[in-house]
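Numbering (our numbering), first residue to last: 17 to 152.
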């Protein structure tokens, strides 16, 4: 069954990913759904650094051709910032990256047209490979 082929891990993401990287582990799928790192504008710089560190660690344990799902629930962290963080991390590691799907909040989290802060959930599903010049 699936249980023999799927491993789930729970823990502090930075510590777990660093340990897995140190052990040389590689995964076909890594899902990142952290708590809001940027709750207020004053948290912007530290929050962006945390997202970038998380993205870099995830790409370091992602197998070639693997998929990473990176989500954010920080209103002050745009989808564009999410995309750029993943791109920067992939380039730093010499990996190619392709966005396969973009996600936003579903009907259970409706967006109010007069309250932009209600549009805060975003996610990118990306495939990564080892050669950055190789398009897939």
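Glycine residues also receive a C-beta, built at the ideal position from the N, C-alpha and C atoms.
| request: Could you pull out every residue in the same chain whose Cβ sits closer than 8 Å to the Cβ of residue 116, ignoring the five residues on either side in sequence? | output: By 1-based counting over the chain shown, the position of residue 116 is 100. Answer for residue 116: 83, 141, 142 and 143, listed in chain order.
| query | Can we say the segment 59 to 76 touches the segment 91 to 103, given the rule of at least three CB pairs closer than 8 Å? | reply | yes
| message | DSSP three-state label for residue 30, please. | response | Stepping through the chain shown from its first residue, residue 30 is reached at position 14. Three-state DSSP puts residue 30 in a helix.
| said: Quick check: residue 119 and residue 139, are their CB atoms within less than 8 Å of each other? | reply: Within the chain shown, residue 119 is the residue found at index 103, counting from 1. Within the chain shown, residue 139 is the residue found at index 123, counting from 1. Their beta carbons are under 8 Å apart, which means residue 119 touches residue 139 by this criterion.
| Residue of 113, 53 and 126 minimising C-alpha distance to residue 94 | Here the question's residue 94 lines up with position 78 in the chain shown. Residue 53 is the option with its Cα nearest to residue 94.
| What is the DSSP secondary structure of residue 18, counted as helix, strand or coil? | Here the question's residue 18 lines up with position 2 in the chain shown. Of the three classes helix, strand and coil, the one that applies to residue 18 here is helix, per DSSP.
| query | From residue 110 to residue 77, what does the alpha carbon distance come to, in whole angstroms? | reply | Against the chain shown, residue 110 aligns to sequence position 94. Against the chain shown, residue 77 aligns to sequence position 61. The alpha-carbon atoms of residue 110 and residue 77 are separated by roughly 14 Å.
| query | Which of helix, strand or coil does DSSP assign to residue 110? | reply | Translated into positions along the chain shown, residue 110 becomes position 94. Residue state, collapsed to three classes: coil.
| query | When DSSP builds the beta bridges, which residues end up paired with residue 143? | reply | The count along the chain shown starts at 1 and reaches residue 143 at position 127. According to DSSP, residue 143 bridges with 83 and 114.
| query | With distances taken from CA atoms, which of 128, 135, 79 and 49 is nearest residue 30? | reply | Residue numbering aside, residue 30 sits at position 14 when the chain shown is read from its first letter. Of 128, 135, 79 and 49, the residue nearest in Cα terms is 49.
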